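Comments concern the structure below.
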Amino acid sequence: MMKRTLLLLFSVSISLFLLSFTGSRKSREKQRSLIKTIIIDPGHGGDFPGARGSFSWEADVSLKVSLKLGKELQAEFPDLKIVYTRTTDANAGNKTSLLDDLHYRADLANSSGGDLFISIHCNSTRPVTHKQLTGYKTGTVWVGKGKKRRKVTRKIPQYRYWTTPGLAKGTETYIWAVNKDEAKINSISQNNDYYGEIDSTSNVALPDPSDPAEKARMLIYAQNYFRKSLMFGDLVEQGFKAQGRVDRGGVKQRNDKGIWVLQAAGMPSVLIEIGFISNPDEEKYLNSEKGQTEIVSNIVNAFRTYKQKVESKGADSQIN
Ligand SMILES: [Zn+2]
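Just so we're aligned, residue 1 is where the sequence shown starts under the working numbering, counting upward by one.
As structure tokens, this is what we get:
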């Protein structure tokens, strides 16, 4: 009997809960469109320093810019809650493996109820290898096969090899490459012209669209967050362009391993490559007070516009 009463009470409370859920759906959606919590994710850190410049590391630059960004956002929007995935040069959540570090970032974003996820990284390219003929050396080499095999004297060319830093520069903003089109959900980019993040997340499995749970998560992103991510990313890239930074083709969609965290965070999310640490001029800029101030003010400007747009549209700002 006791059991029965408990069961009844349980099912009544479940029904009431569900009722309240549907009843206030509209107001909840309106509330949800207010941007209250921002997750700022400085890329890498601790055991995983990311890309290396000639005098600085990506992890340090991204942390400095992230902390400045949070400070500026807080000054302009005092009610905004800002959550950092790390605030020191340490593995996120002090996790020991890269996989746990990345999962921690996404879990923290989700458990904090973030409304926007901003990941700050620096790009890099491989150094360029050069080859120059320096002269010839006389030496003996074997030629021919079998009985015809014999030794001959030849001039052997001598080369000098050296590398110089890659000169790619500019900013790139990435969003998770999923939209409403199922064909796109199943297409994972095989593009290999990008080096920036591969080093850091090569052990992380990409979502598998044939797994129903993964697919559900991808669809939620597609339905609710894709357009907002694109809108914010576009504002960021337009701002960089207006500041005279090199435009590398606007907001990019990728399903790369490096931006795994974007799809794991259940909210609009972007990854901003604030410049190439492998390019000597940009490395100086990224480390300078002027550069960091410009980058931060651009992201704050983009956020201001984004916030106005999303909040004025209310519940209608969902993808339709
Ligand atoms: Zn990175």
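Each residue gets a CB set at the ideal place from its N, CA and C atoms; glycine is no exception. Note that this is a predicted model, so its numbers are computed, not measured.
- One alpha carbon belongs to T88, the other to G45, and they sit about 8 Å apart.
- Residue pairing by DSSP places G139 opposite R154 in a beta bridge.
- Judged by DSSP secondary structure, F117 falls within the beta strand (DSSP E) whose first and last residues are 116-123.
- When distances are taken from the beta-carbon of H103 to the heavy atoms of ligand 1, even the shortest one reaches 7 Å or more.
- For Q253, the enclosing beta strand (DSSP E) has its first and last residue at 247-254.
- Remark: the C-beta of A92 is outside contact range of ligand 1, defined as less than 7 Å to any heavy atom.
- In this model, T134 and I274 are separated by some 40 Å (Cα to Cα).
- With fewer than 16 other beta carbons inside 10 angstroms of its own, Y136 counts as exposed.
- A straight-line Cα-Cα distance of about 25 Å links R254 and P165.
- If you check the CB distance, P42 and L63 come in under 8 Å.
- With respect to I39, G114 sits close: the two C-beta atoms are nearer than 8 Å.
- Comparing alpha carbon positions, the residue from G53, N301, D208 closest to A264 is D208.
- Ranked by how close their Cα comes to the Cα of I272, the residues V261, K155, G266, S210 have V261 in first place.
- For I39, the enclosing beta strand (DSSP E) begins and ends at 37-42.
- According to the DSSP assignment, I82 belongs to the beta strand (DSSP E) that extends over 81-84.
- Per the Cβ contact rule, the stretch 166-177 is in contact with the stretch 242-251 (3 or more Cβ pairs under 8 Å).
- The C-beta distance from H130 to W162 rounds to 5 Å, short enough to meet the 8 Å contact threshold.
- For N123 and Y306, the gap between their C-alpha atoms comes out near 25 Å.
- In the three-state scheme derived from DSSP, where H, G and I count as helix and E and B as strand, R149 is classed as coil.
- Take Q132, set aside five residues on each side of it, and the residues of its chain with a beta-carbon closer than 7 Å to its own are Y159, R160, in chain order.
- Sequence-distant Cβ neighbours of K252 in its own chain, meaning closer than 8 Å and more than five residues away, are E172, T173, Y174, I175.
- In terms of CA proximity to R154, W142 leads the group G146, W142, P268.
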